[in-house]
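Structure first, commentary second.
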Amino acid sequence: MRRGLVLLVLLAAIGASPAAAAGPKLRVVVIAQSHHPVLHRTWWYKVTVTANGKPVACKIHVQVFFNGFSVGEVGTHVVTSGVWRETIPAKGVDAFPPASVGQHVVWHATATKKGYATGVGVWPISVVK
């Protein structure tokens with residue numbers, strides 16, 4: 142009897158975990174100028190975050206992935222409109238490096254907000270000359 146009560150309490154605790162109580166999932170859509178940015182030219186991208194079809198103010202973390210591993214940080218951005226737009230410059234420290242030419246990477250955007258399930262959007266790219 143006592144063992145059954147302990148199991149019942151454990152099951153209730155597991156069912157009440159924060160993961161089970163997550164709200165609606167954030168939908169993250171990444172679009173960009175192209176899948177083939179040209180070295181030494183500007184390139185824009187946009188991340189849109191919605192839940193139930195409506196924009197969501199949230200935090201967006203943008204990274205570059207290669208073979209499933211994060212190899213670069215683009216940045217973390219707090220948005221009030223559910224949209225983040227950015228242009229990668231043609232030259233300077235934030236431009237695509239020459240070593241990136243021909244590498245197949247993925248632009249990876251993760252959106253988070255309290256009360257919502259995390260959402261992820263991706264955009265594969267390969268820099269060309």
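Read left to right, the sequence shown gives residues 142 to 270 (this note's numbering). Beta carbons are placed, not taken as given, at the ideal position from N, Cα and C, and that holds for glycine. In this text the structure is predicted, and so the values were computed from the model without any measurement.
{"Query": "Looking only at its own chain, which residues have a Cβ that is under 7 Å from the Cβ of E214, when we skip the five neighbours before and after it?", "Result": "Q204"}
{"Query": "Measuring alpha carbon to alpha carbon, tell me which residue in P165, Q174, L180 is nearest P238.", "Result": "L180"}
{"Query": "What is the DSSP secondary structure of P265, counted as helix, strand or coil?", "Result": "strand"}
{"Query": "Between R226 and A192, is the Cβ-Cβ spacing less than 9 Å?", "Result": "no"}
{"Query": "Just mark P265 as buried or exposed, buried being the case when its beta carbon has 16 or more other beta carbons within 10 Å.", "Result": "exposed"}
{"Query": "At the level of alpha carbons, what is the spacing between K107 and T221?", "Result": "Here the chain has residues from 142 to 270 only, and residue 107 is not among them."}
{"Query": "Return the CA-CA distance between S267 and A250, expressed in angstroms with no decimal places.", "Result": "17 Å"}
{"Query": "Between the Cα of P230 and the Cα atoms of Y257, I201, P196, W184, which residue gives the shortest distance?", "Result": "W184"}
{"Query": "Based on Cα-Cα distance, which residue from P178, V212, A163 lies nearest to G243?", "Result": "P178"}
{"Query": "Between the C-alpha atoms of S241 and V170, what's the straight-line distance to the nearest angstrom?", "Result": "24 Å"}
{"Query": "Just mark T189 as buried or exposed, buried being the case when its beta carbon has 16 or more other beta carbons within 10 Å.", "Result": "buried"}
{"Query": "In whole angstroms, give me the CA-to-CA distance for T253 and F210.", "Result": "20 Å"}
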